[in-house]
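The C-terminal position of the sequence shown is numbered 93 in full-length UniProt numbering, with every residue numbered one higher than the one before it.
Presented below is the structure to which this report refers.
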Amino acid sequence: MKQLLSPEGVVVSLGGSDYRTLRTLLDHPNRPLSREFLLDRVFDKGLTPLDRSIDVCVSRLRQTLGDDARRAMLIRTVRNEGYMLVAEVGHEA
1 MKQLLSPEGV VVSLGGSDYR TLRTLLDHPN RPLSREFLLD RVFDKGLTPL DRSIDVCVSR
61 LRQTLGDDAR RAMLIRTVRN EGYMLVAEVG HEA
């Protein structure tokens, strides 16, 4: 379990796969990432035809972060491509 601090000062807890999904999206902001790429990074496995585990992770992550899939402010679904982090990413020293 990883804990993050929101801009509002709220502690948010994320499980391992949800944290790795967020970390991967943060490492590649504003770039669509395929489900296969995310599966490989998050679960260290390739895509199988009916594997929905990354979709479940993204759904949980959206719910935890208060993002709505229909009006995504953080994680956007890019049709026929995958998922993309659309938030501005900054780095602290």
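Just so it is clear, CB atoms sit at the ideal spot from N, CA and C, and this is done for glycine as well.
Candidates Arg-52, Val-12, Thr-24, Gly-66: which alpha carbon is nearest Met-84's?
Thr-24
Given Met-1, which residues of its chain have a CB within under 8 Å of its CB, disregarding the five upstream and five downstream residues?
Ser-13, Leu-14, Gly-15, Gly-16
How close, in whole Å, do the beta carbons of Leu-74 and Asp-18 come, if the pair is a contact with beta carbons under 8 Å?
That belief does not hold up - the Cβ atoms of Leu-74 and Asp-18 are roughly 13 Å apart, past 8 Å.
Backbone CA spacing between Asp-44 and Leu-65 [nearest angstrom]:
24 Å
Alpha-carbon spacing of Asp-67 relative to Val-78, whole angstroms
15 Å
Inter-residue Cα distance where the pair is Arg-52 and Pro-32:
17 Å
Would you give the residue range spanned by the beta strand (DSSP E) that Leu-14 belongs to?
11-14
By the 10 Å Cβ neighbour count, where 16 or more other Cβ atoms means buried, how is Leu-22 classified, buried or exposed?
buried
Residues that DSSP places opposite Tyr-19 in a beta bridge:
DSSP, once it has assigned bridges, lists no residue as partnering Tyr-19.
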